[in-house]
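From first to last, the protein sequence lines are chains A and B.
Residues in the first sequence are numbered from 34 upward in steps of one, following our numbering.
Residues in the second sequence are numbered from 42 upward in steps of one, following our numbering.
Think of the CB as a built atom: it goes at the ideal place given N, C-alpha and C, for glycine as much as any other residue.
Quick caveat: nothing in here was measured; it's all calculated off a predicted structure.
Notes follow the structure.
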Amino acid sequence: MKQATEREQLTRTDETPILLTEEARRFTEEVIRRSGERVDWCYQCGKCTAGCPVAFAMDIEPSRIMRLVQLGQSERVLKSKAIWLCVGCQTCTTRCPQEIDTAKVMDTLREMALEREVAADKEVVTFFRSFLDNIRRYGRVFEPTLVLQYNLRSGHLLQDADKGPLMLSKGKLPLRPSRNGAIVRKIFDALGGRKR
Amino acid sequence: MTAYAYFPGCSAHGTAKEYDRSTQSVCAKLGIELEEIPDWVCCGASPAHAVNHLLSLALVAKNLDLSPSDTIVTGCAACYNRFKTTVHALQHDRPLWEQVKQIVQPTKLNGRDFRVLHLLEVIHEFGLEEVKERVVKPLKGLKVACYYGCLLVRPPKVMGFDDPDNPKKMDELVAAIGAEPVEWEFKTECCGAFHAVPHPEIVLRLTSNILRAAKDAGADVVSVTCPMCQINLDLRQLDIQKRHKVTFNMPVLYFTQLLGLALGINESELGFDKLIVDPQPILKGKGLM
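Right under this line is the structure:
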């Protein structure tokens, strides 16, 4: 009998508002404002998850991330690995029937996770930092020190150790870095010295 | 012929030297004038936009400001995507653009209307019929899987490159130079991009699927338009062999290398020896080298 009541509840056709705490609502609004995307329009069709090439590795799939944002679940969203596994392939953005730029929402969520210092995927964060430090220093990516810095910072010391000599023998590694670092540093500085 | 401003992208001086080299040779041969943007800097690629939207726009805006021409061409799909996205923002979001200008302090941006092209589009602008007329060595019998990846075609509203699900521009070029483009379903599937460093296992899984599809479609080689796709599909075959015990031995060439070969450009200028999976046995086998 109890089951039937629950079922009745779930299939009610009138609006059943979900009450959000003030904090939860603020989170939803912040994501919408900063990304410029109407996350609240998502009706859970699941196309983003179906097309996502890395959904198999995610702890929370893209469509569920969208639902959690609607529900103001900042902890679960910002501490997820999923937002760092998103590779920016834009398949979700291309297919969303509500024309939500899902990949851009992921960008916003990463920005917010870094600001709150809760980023959960050490490897991706370390790679992004190493990359941005690299161009800040040289102006253009200088692969040899980028890989070295990533390996040192991430603790994956021997990752791709076999690739260096091979690439070198193929003449596929630059020998000298670019000297346009000052141009890029000026941009970073103008952004308020925000290193990320 | 008008000069195009050329943005080589960071890989052009490192892992994709053969792409840059073959691009320069092909364009010289066709009389397409490329003028490198002086003092260009990294477009920020994925890491910039992934963590700081303004930074990603500012890096590209700086390059636009430095550009000697309003028409900019790049061979890298990722750079192309960042440039197009930024120009789109410039045209559609004035308040955001004002913020970017404050950061970059441009001196030569006002009133300019930029066009961003991928090198493949430049070849199309030159004309496939004209290319055909200049072919001295048709790539007869070579079956090519044209791989476009993500960033050339998506999101279609901003890129406007081609059919986002079944792009044809590279297939048409490959056919124009006498090779045979194969029908296959992985043209725009993701290679895993930057995850090659933080999560290589993701890239191995995705590239395995792409290479298997190319092989199943009967392709002799894969042709690409992006240095990141190239390195993921080519270099990572070593790890696929080690970890998954599968050997594809599938050469992954830049489309400019195939085009150069057909135009009769000296092989030493096309850098086939720089590829990890050697394409020479298959090319020699078909009597093309």
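> At a CB-CB cut-off below 7 Å, which residues of chain A make contact with Cys51(B)?
Replying inline: Arg173 and Val174
> Taking only runs of the alpha helix (DSSP H) that begin and end inside the stretch 150 to 214 of chain A, which ones reach a length of at least 4 residues, in chain order?
Replying inline: 155 to 171, 176 to 187 and 196 to 202
>> By the three-class DSSP mapping on this structure, what secondary structure does His240(B) have?
In response: coil
> Assuming Thr229(B) contacts Val194(B) under a Cβ cut-off of 8 Å, what Cβ separation, rounded to an integer in Å, is found between them?
Replying inline: 6 Å
>> Could you check whether the Cβ of Gln65(B) sits closer than 9 Å to any Cβ belonging to chain A?
In response: no
>> Would Pro207(A) pass as an interface residue toward chain B - the criterion being a Cβ-Cβ separation below 9 Å?
In response: yes
> Considering Cys68(B), what are the terminal residues of the alpha helix (DSSP H) in which it resides?
Replying inline: Lys58 to Leu71
> For Lys356(B), which three-state DSSP category applies?
Replying inline: In the structure as shown, chain B starts at 42 and stops at 330, and residue 356(B) therefore has no counterpart that could be examined.
> Hey, out of Val223(B), Asp275(B) and Lys210(B), whose CA is closest to Met200(A)'s CA?
Replying inline: Asp275(B)
> Hey, quick one: how far does the alpha helix (DSSP H) through Val101(B) stretch, first residue to last?
Replying inline: His94 to Leu107
> Starting from Tyr121(B) and walking both ways along the alpha helix (DSSP H), at which residues does that stretch end?
Replying inline: Ala118 to His133
> CA-CA distance, Val72(A) and Gln131(A)?
Replying inline: 9 Å
>> For Val92(B), would you say it is in contact with chain A, using Cβ-to-Cβ distances shorter than 9 Å as the test?
In response: yes
> For Gly204(A) and chain B, any beta-carbon pair shorter than 9 Å?
Replying inline: yes
>> Looking only at its chain, what residues have a beta carbon closer than 6 Å to the beta carbon of Ala37(A), apart from the 5 residues adjacent to it on each side?
In response: Model confidence at Ala37(A) stands at a pLDDT of 47, short of 50, so the residue's coordinates are unreliable and nothing is read from them.
>> On the DSSP bridge list, what partners appear for Ala46(B)?
In response: Glu76(B) and Ile113(B)
>> With three or more C-beta pairs closer than 8 Å as the rule, is the stretch 75 to 88 of chain B touching the stretch 187 to 204 of chain A?
In response: no
> Do the stretch 85 to 93 of chain A and the stretch 234 to 245 of chain B make contact, defined as three or more Cβ pairs closer than 8 Å?
Replying inline: yes
>> Less than 7 Å between C-beta atoms, sequence neighbours within five positions excluded: which residues of the same chain meet that for Ala57(B)?
In response: Pro268 and Gln271
> What in chain A is Cβ-close to Ala234(B), meaning under 9 Å?
Replying inline: Val120, Gly121 and Cys122
> Taking 9 Å as the CB-CB limit, is Gln132(B) close to chain A?
Replying inline: no
> Taking all protein chains shown into account, do 16 or more other C-beta atoms lie within 10 angstroms of the C-beta of Cys78(A), making it buried, or fewer, making it exposed?
Replying inline: exposed
>> Below 7 Å on C-beta distance, what does Val238(B) contact in chain A?
In response: Phe160 and Tyr183
> Near Arg67(A), which residues of its chain fall below 6 Å by C-beta distance, leaving aside the five closest residues on each side in sequence?
Replying inline: Thr141
>> Quick check on the burial criterion: 16 or more other C-beta atoms within 10 angstroms. Buried or exposed for Met34(A)?
In response: Since pLDDT at Met34(A) reaches only 42, below the 50 mark, its modelled position is unreliable, and no value is offered.
> Is the number of C-beta pairs between the stretch 95 to 108 of chain A and the stretch 180 to 194 of chain B that are closer than 8 Å three or more?
Replying inline: no
>> Residues in the same chain with beta-carbon distance under 8 Å from Arg173(A), minus the five sequence neighbours each way, listed in chain order, please.
In response: Pro210, Ser211 and Asn213
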